[in-house]
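Residue numbers (mature numbering (1 follows the signal peptide of the UniProt record, and there is no 0)): -24 to -1, 1 to 277.
Notes to accompany the following structure.
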């Protein structure tokens, strides 16, 4: 009888453990990804960006993350969200809206698997958003996997609009995953040029917007459970990009927040598609076999 009681108790415990979700699987409950289109890593030492540099001091970063080729927008935003390069996701040009090459696989929405879709599959009720200035972003994020996506109005008339949209969305919805994609470093790079006073003035302006987004996360009561990632799709040289120079290809990757080590600069190899893999790792998501990205596990506690 005693043996039966012990066996029965162990069986009940095993069933309860199997039915209990593993809350330790993920690294944080929220991720806010802030992307600056056309932000070259070369600019960081010279730039007056105190908010971003505080994140660098409080977390981990590299200035050697490489873009996929060509070093242009759509191909690299796609790679950032899709965990693979153009050979697999098929977006090959700066303005790709659909793949020029057949995507190696398609998800149920008819698009190459994104980190947004992975999170949606794992957390069907999660609030997942993407806010952007360049309308090309909406073709690369799998909008059917999102709870909310929206384009900001004309920046020249409403320069603070995207920041304000992000503040409101964070406070009202407390998203599990939010991507905020600023477009204007790229515009200034094309008009005035990279590594110019105008370019650095734009980075300073965007740093202030990032500070406001962080404050919104605080106001929403999410800060202690949030990881921030600040990165870019590509850099630039003179008034262009798309080539094979390091100023065009190397972009910052800065990560700080819940369970991120205060370890400073790291030099492990990182590619654009490793961003998606790192976000998937934060949420404890299993990568699809077609992804080639690798999570930057060394930055986490």
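Built from N, CA and C at the ideal position, the CB exists for glycine as well.
Just so we're clear, the structure is a prediction, and the values are computed from it rather than from any experiment.
What residues are listed by DSSP as bridge partners for residue 41? One-based indexing of the chain shown puts residue 41 at position 65. Beta-bridge pairing links residue 41 to 227.
Helix, strand or coil: how does DSSP classify residue 87 here? Counted from its first residue, the chain shown places residue 87 at position 111. Note: residue 87 maps to coil in three-state DSSP.
What would DSSP say about residue -24, mapped onto helix, strand or coil? Within the chain shown, residue -24 is the residue found at index 1, counting from 1. Reliability of the predicted coordinates at residue -24 is poor, the pLDDT of 47 falling under 50, and the value obtained from them is presented with this limitation in mind. If DSSP states are grouped into helix, strand and coil, residue -24 belongs with coil.
Spatially closest choice to residue 202 from 140, 213 and 189, by CA coordinates: Here residue 202 refers to the residue found at position 226 when the chain shown is read from its first residue. Checking every option, the nearest Cα to that of residue 202 belongs to 189.
What did DSSP end up calling residue 58 once you bin it into helix, strand or coil? Here residue 58 corresponds to residue number 82 of the chain shown, with the count starting at 1. Residue state, collapsed to three classes: helix.
Would you tell me roughly how many angstroms separate the C-alpha atoms of residue 270 and residue 249, rounded to the nearest one? To locate residue 270, count along the chain shown from 1; it is residue 294. To locate residue 249, count along the chain shown from 1; it is residue 273. Roughly 8 Å between the two C-alpha positions.
Ignore the nearest five residues each way along the sequence and tell me which others in residue 2's own chain have a CB closer than 7 Å to its CB. Start at 1 with the first residue of the chain shown, and residue 2 comes out as number 26. Excluding residues within five positions, the ones whose Cβ falls inside 7 Å are 258, 259 and 260.
In three-state DSSP terms, what is residue 246? The residue labelled residue 246 in the question sits at position 270 within the chain shown. In the structure shown, residue 246 sits in coil (DSSP, three-state: anything other than H, G, I, E or B).
Please look up how many angstroms separate the CB atoms of residue 68 and residue 51, rounded, as I've assumed it's under 8 Å. Here residue 68 refers to the residue found at position 92 when the chain shown is read from its first residue. Here residue 51 refers to the residue found at position 75 when the chain shown is read from its first residue. Contact flag correct, Cβ pair sits at about 6 Å.
Spatially closest choice to residue 171 from 10, 16 and 265, by CA coordinates: For the purposes of this step, residue 171 is taken as residue 195 along the chain shown, with counting starting at 1. Of 10, 16 and 265, the residue nearest in Cα terms is 16.
Cutting at 6 Å between CB atoms, please list the residues of its own chain near residue 162, excluding the five before and the five after it. Taking the chain shown and counting its residues from 1, one reaches residue 162 at position 186. So the qualifying residues of the chain are 13 and 14.
The beta strand (DSSP E) enclosing residue 156, as first and last residue numbers: Counting from one through the chain shown, the residue named residue 156 turns up at place 180. First-last of the beta strand (DSSP E) with residue 156: 153 to 158.
Straight-line Cα distance separating residue 214 from residue 101: By 1-based counting over the chain shown, the position of residue 101 is 125. By 1-based counting over the chain shown, the position of residue 214 is 238. About 45 Å.
Going straight from the alpha carbon of residue 123 to that of residue 105, what length do you get? If you number the chain shown from 1, residue 123 lands on position 147. If you number the chain shown from 1, residue 105 lands on position 129. Rounded to whole angstroms, residue 123 to residue 105 spans 6 Å at the Cα level.
What three-state label does DSSP hand residue 69 in the structure shown? On the chain shown, position 93 is the one that residue 69 refers to. Three-state result, residue 69: coil.
State the CB to CB distance for the pair residue 192 and residue 155, rounded to an integer number of angstroms; the pair is presumed to be in contact (CB under 8 Å). Translated into the one-based positions of the chain shown, residue 192 becomes position 216. Translated into the one-based positions of the chain shown, residue 155 becomes position 179. With a Cβ gap of about 15 Å, residue 192 and residue 155 do not count as contacting.
Which class does residue 263 belong to by DSSP, given the choice of helix, strand or coil? For the purposes of this step, residue 263 is taken as the residue at position 287 of the chain shown. It is coil, neither helix nor strand.
Run through DSSP, which three-state label would residue 125 get? Locating residue 125 in the chain shown gives position 149, counting from the first residue. In the structure shown, residue 125 sits in a strand (DSSP, three-state: E or B).
Which residue's Cα is closest to the Cα of residue 63: 56, 71, 36 and 78? Along the chain shown, one-based indexing puts residue 63 at 87. The candidate whose alpha carbon is nearest that of residue 63 is 78.
Taking only the alpha-carbon atoms, compute the straight-line gap between residue 158 and residue 138 and give it to the nearest angstrom. The sequence position of residue 158 within the chain shown is 182, counting from 1. The sequence position of residue 138 within the chain shown is 162, counting from 1. Approximately 8 Å between the Cα atoms of the pair.
Under the DSSP definition of a beta bridge, which residues are partnered with residue 241? The residue labelled residue 241 in the question sits at position 265 within the chain shown. The partner list for residue 241 (beta bridge, DSSP) reads 37.
Three-state class that DSSP yields for residue 76 in the structure shown: Within the chain shown, numbered from 1, the residue matching residue 76 stands at position 100. Coil.
For residue 241 versus residue 18, is the C-beta distance shorter than 9 Å? Within the chain shown, numbered from 1, the residue matching residue 241 stands at position 265. Within the chain shown, numbered from 1, the residue matching residue 18 stands at position 42. Taking 9 Å as the Cβ cut-off, residue 241 and residue 18 do not qualify as a contacting pair.
Exposure label - residue 211; buried when at least 16 CB within 10 Å: Mapped onto the chain shown, residue 211 falls at position 235. It is buried - the Cβ of residue 211 has at least 16 other Cβ atoms within 10 Å.
Can you confirm whether the segment 216 to 227 touches the segment 172 to 186 when touching is taken to mean that 3 or more C-beta pairs between the two stretches lie within less than 8 Å? no
Using a Cβ-Cβ cut-off of 8 Å (strictly less than) and excluding sequence neighbours within five positions of residue 264, which residues of its own chain qualify? The sequence position of residue 264 within the chain shown is 288, counting from 1. Taken in chain order, the residues that qualify are 59, 81, 89 and 94.
What does DSSP give as the partner residues of residue 106 in its beta bridges? Translated into the one-based positions of the chain shown, residue 106 becomes position 130. DSSP lists 125 and 155 as partners of residue 106.
Going by Cα to Cα distance, which pick from 272, 27 and 237 is closest to residue 244? Translated into positions along the chain shown, residue 244 becomes position 268. The shortest C-alpha separation from residue 244 is found at 272.
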